[in-house]
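Shown next, in structure tokens, is the structure this report addresses.
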Amino acid sequence: GAANKGNYRHFMLKEIHEQPAVIAQTLEGRLTDRGVLVKSFGVEAEALFSQARQIHIIACGTSYHAGMVARYWLERYAGIPTQVEVASEYRYRRVVVPEGTLFVTLSQSGETADTLAALRFAKGSGYLGSLAICNVPGSSLVRESDLTLMTHAGPEIGVASTKAFTTQLTALMLFTLALGRQRGIDDGQQADIVAALRGLPALVTRVLALDPEIERLSVDFAEKHHALFLGRGAHFPIALEGALKLKEISYIHAEAYPAGELKHGPLALVDSEMPVISVAPNDELLDKLKSNLQEVRARGGELYVFGDEQVAIEPEEGIKVLHLPHVDEALAPILYTLPLQLLSYHVAVLKGTDVDQPRNLAKSVTVE
Ligand code: G6P
């Protein structure tokens, strides 16, 4: 049938390795030399985007983390105020909708009950219009939205979302550029991001080639009961997504914090049983992290760093480093997702869990 694991042991691993191809498919036919074809979002997109004054993004689970990354991008590159919220909170509170707000839903399935209910609620709430970024053509969310941008991830079988997330991020960068163009994004910056997007599938392939090194790191985690993920800026939601993957498939309790919050509580938990994973730090942040960890080194705190090869972070006692190829800053959140997916995968395999069908979880939550 359509769902075939090929030579892979699990659908999740197959789907992780499909990412170069499906990211390329999500970009296909949507880029010009210097920008994005706005009509990819639908015939009304040009008109709606030009009127948009702010954005509300609503989603659940992994899709919500994609929305959190998009907030950093939309505010930074398109200068448009953006709010992101989980659908189950949004739909039950009194929402104030400023004039000219575009409502955006993110969903792999297009059938998540809370996300769909949020869209239906939004329709009567004075929004400019709605956009769905979704992976399933003909789904309820797609049918009921004014504009749509399909992620071309293909069927995702593993309950823990992987390729759906990175294609959502790819689509959200297209959305950022489309709005940016209306709002005076610098031409050079736009051209740089377009060039980086075209190069992204090849970079993703290079990161996937680091799999054996990531598998070696996973051994340290298999016996642990807790893990802490740290990120800053657009990498904070990537840390959240890394923690979610680890929880979902390895059943290890994991939390994510913005790196600057480490001292405001979680540092108290760090010891030899609580590994700390830091995503995409720069030199300055790494220095701060190191000095924080000095305080717990005596008790054996271990730091795992995924960083840019150009930052060339040195491994030392208690600090393991994996360098990723250099990537345009705008797209780094997409690239740094991959080692965290692979890490969780290998930890789960070591623990012998049901990787593709974790206990108590469903691929699509269609009832409240
Ligand atoms: C479930 C799945 C997650 C997914 C979430 C939202 O919890 O297990 O992988 O991120 O639903 O699903 P959606 O289809 O709306 O993206």
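Going by the UniProt record's numbering, the first residue of the sequence shown is number 244, and it counts up by one from there.
Where a beta carbon is used, it is the ideal one built from N, C-alpha and C, also for glycine.
C-beta contact flag for residue i and residue j at 8 Å
i	j	result
T419	L317	yes
L483	A309	no
T413	L384	no
E516	H589	no
T410	A421	no
P324	E491	no
T580	F408	yes
G550	P524	yes
A465	K594	yes
V513	V522	no
L417	R273	yes
L446	L578	yes
I298	L256	no
S352	S534	no
Rounded Cβ spacing between residue i and residue j (contact assumed at less than 8 Å)
i	j	result
L565	P582	6 Å
G367	A295	Not confirmed; about 19 Å, so no contact.
V548	L529	7 Å
S382	E354	6 Å
A330	A361	4 Å
D454	L536	Actually they are not in contact, since the Cβ atoms of D454 and L536 sit about 27 Å apart, beyond 8 Å.
R277	Q433	6 Å
E258	T358	Contact doesn't hold; Cβ gap of about 21 Å is too wide.
A502	G474	6 Å
A470	A497	4 Å
Residue span of the beta strand (DSSP E) that contains residue i, given as start and end
i	result
E498	H496 to P501
residue 614	With the chain covering only 244 through 611, there is no way to say anything about residue 614.
T391	L390 to M393
L473	H469 to G474
Q297	Q297 to A302
E328	T325 to V329
Paired residues, beta bridge with residue i - DSSP
i	result
Y547	I520 and K563
S373	F346
F464	DSSP lists no partner for F464.
L280	The partner list for L280 (beta bridge, DSSP) is empty, contrary to what the question assumes.
L274	V279
Extent of the continuous alpha helix (DSSP H) run through residue i
i	result
V539	D526 to R540
S383	S383 to E387
E289	A288 to Q294
E484	F479 to S493
Y579	A575 to K594
Residues surrounding ligand 1 [beta-carbon distance to nearest heavy atom under 7 Å]: A302, C303, G304, T305, S306, L349, S350, Q351, S352, G353, E354, T355, T358, V402, A403, S404, A407, L604, A605, K606, S607 and V608
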